[in-house]
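A short write-up of the structure that comes next.
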Amino acid sequence: MSLLPVLINELLDDYRSPFLGNIYNQNFGMGLFNDEILRPRSTLLSVPLRCGYLRPWRTLDAGDSGISSVATDSNEFKVNLDVQQFKPEELKVKVVDDYIVVDGKHGERIDQHGFISRHFVRRYKIPEDVDKIALVATFSTDGVLRLLAPKLAKKK
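Start counting the sequence shown at 2; every next residue gets the next number (the numbering used here).
Spelled out as structure tokens, the structure:
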């Protein structure tokens, strides 16, 4: 297998349109660290970007990136969503038709870079064999929203 497509893709990543973002780059204003401003993301690419700094999004751990995980097994449907920038009272979880809708919003706050306000709405399709009425939402101390719903009993 050739490495050429991988290398070309790596070189072009930072020059692609910001409107064609990757679904895995969903960070809700995590801020920049000093080593991220000065360190190039790739050793192959040392030219500064138009914005004047390089942001190595891929260096973030999956647990710190705001990525949600959706899983289903024989017993339950579960969703984990990193919402560490929000307080529990700033989150709303509801079931609308066949979707779980998570709405998070907080007003302007001071962070290490200035002021920031955030708002997101995320919808998850509920599988047909899941009991929507029994959905339970919990918020962990490390800022992960966990949604659990049991599967419906199978008819024999």
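Heads up, the beta-carbon is just placed ideally off N, CA and C, and yes, glycines get one too.
Local Cβ density within 10 Å of residue i, reported as buried at 16 or more and exposed below that
{"i": "I111", "result": "exposed"}
{"i": "D83", "result": "buried"}
{"i": "G108", "result": "exposed"}
{"i": "I101", "result": "buried"}
{"i": "V103", "result": "buried"}
{"i": "F116", "result": "exposed"}
Between the CA atoms of residue j and residue i - distance to the nearest angstrom
{"i": "S118", "j": "Q85", "result": "14 angstroms"}
{"i": "T73", "j": "S141", "result": "20 angstroms"}
{"i": "H120", "j": "V145", "result": "16 angstroms"}
{"i": "H114", "j": "V137", "result": "36 angstroms"}
{"i": "I127", "j": "P151", "result": "11 angstroms"}
{"i": "V80", "j": "K156", "result": "25 angstroms"}
{"i": "E91", "j": "Y125", "result": "19 angstroms"}
{"i": "V96", "j": "L148", "result": "11 angstroms"}
{"i": "E129", "j": "F87", "result": "30 angstroms"}
{"i": "R123", "j": "A135", "result": "20 angstroms"}
{"i": "K106", "j": "S69", "result": "17 angstroms"}
{"i": "D143", "j": "D98", "result": "30 angstroms"}
{"i": "F78", "j": "V94", "result": "15 angstroms"}
{"i": "A154", "j": "T139", "result": "23 angstroms"}
Reference residue i; option with closest CA among the options
{"i": "D132", "options": "V103, D143, N76", "result": "N76"}
Note down, one range per segment and in chain order, each beta strand (DSSP E) of at least 3 residues found wholly within the region 83 to 116.
-> 92 to 97, 100 to 112
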